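Since the structure comes first, as structure tokens, the remarks are kept for the end.
Numbering (UniProt numbering), first residue to last: 1 to 156.
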């Protein structure tokens, strides 16, 4: 006789995961954060052939697609099958404050990392203030609110 443990939460998670996800649409776990003047997206894609990764941007939607193929023969009898195979896809809606033409992608150790720079026009910047009028200088020894014009005056 074999002793088995029953975890109702794990079983519920398994059932709901199958219903919500389905075998044809595996979940792509992802981290998204801002680091200074760039956003970083890290997507777990273990076991994915790098040549199957496809990333495109159409208007403000970034789409990531990848495929994991099974290396198990069709005659094999599964005892546990928890690693999904098939085509993975994830879409992100990008804001107008990012530079879509400068997105970079790197796939290393089963993690796809996208670097999305903040657009120059979205970065905070200082505005120089100019003063339109006569240039004036403070007269030494005078009260701070007394000023003398540095332009020549008509003497006539």
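Backbone N, C-alpha and C fix where the C-beta goes; we use that ideal spot for every residue, glycine too. None of the values given here were measured: they were computed from a predicted structure.
Are the beta-carbon atoms of residue i and residue j separated by less than 8 Å?
i, j, result
"residue 67", "residue 86", "yes"
"residue 100", "residue 40", "no"
"residue 64", "residue 89", "yes"
"residue 112", "residue 119", "no"
"residue 94", "residue 45", "no"
"residue 38", "residue 124", "no"
"residue 107", "residue 29", "no"
Determine the burial state of residue i: buried for a count of at least 16 other Cβ atoms within 10 Å of its Cβ, exposed for fewer.
i, result
"residue 127", "exposed"
"residue 79", "exposed"
"residue 32", "exposed"
"residue 98", "buried"
"residue 157", "Residue numbering for the chain in the displayed model covers 1 to 156; residue 157 lies beyond these limits and cannot be assessed."
"residue 75", "exposed"
Check residue i in the structure and name its three-state DSSP category.
i, result
"residue 108", "strand"
"residue 100", "helix"
"residue 46", "coil"
Could you compute how far the alpha carbon of residue i sits from the alpha carbon of residue j?
i, j, result
"residue 56", "residue 81", "31 Å"
"residue 102", "residue 69", "31 Å"
"residue 132", "residue 121", "27 Å"
"residue 109", "residue 83", "17 Å"
Per DSSP, residue i is paired with what?
i, result
"residue 32", "41"
"residue 114", "41, 105"
"residue 55", "64"
"residue 91", "63"
"residue 86", "68"
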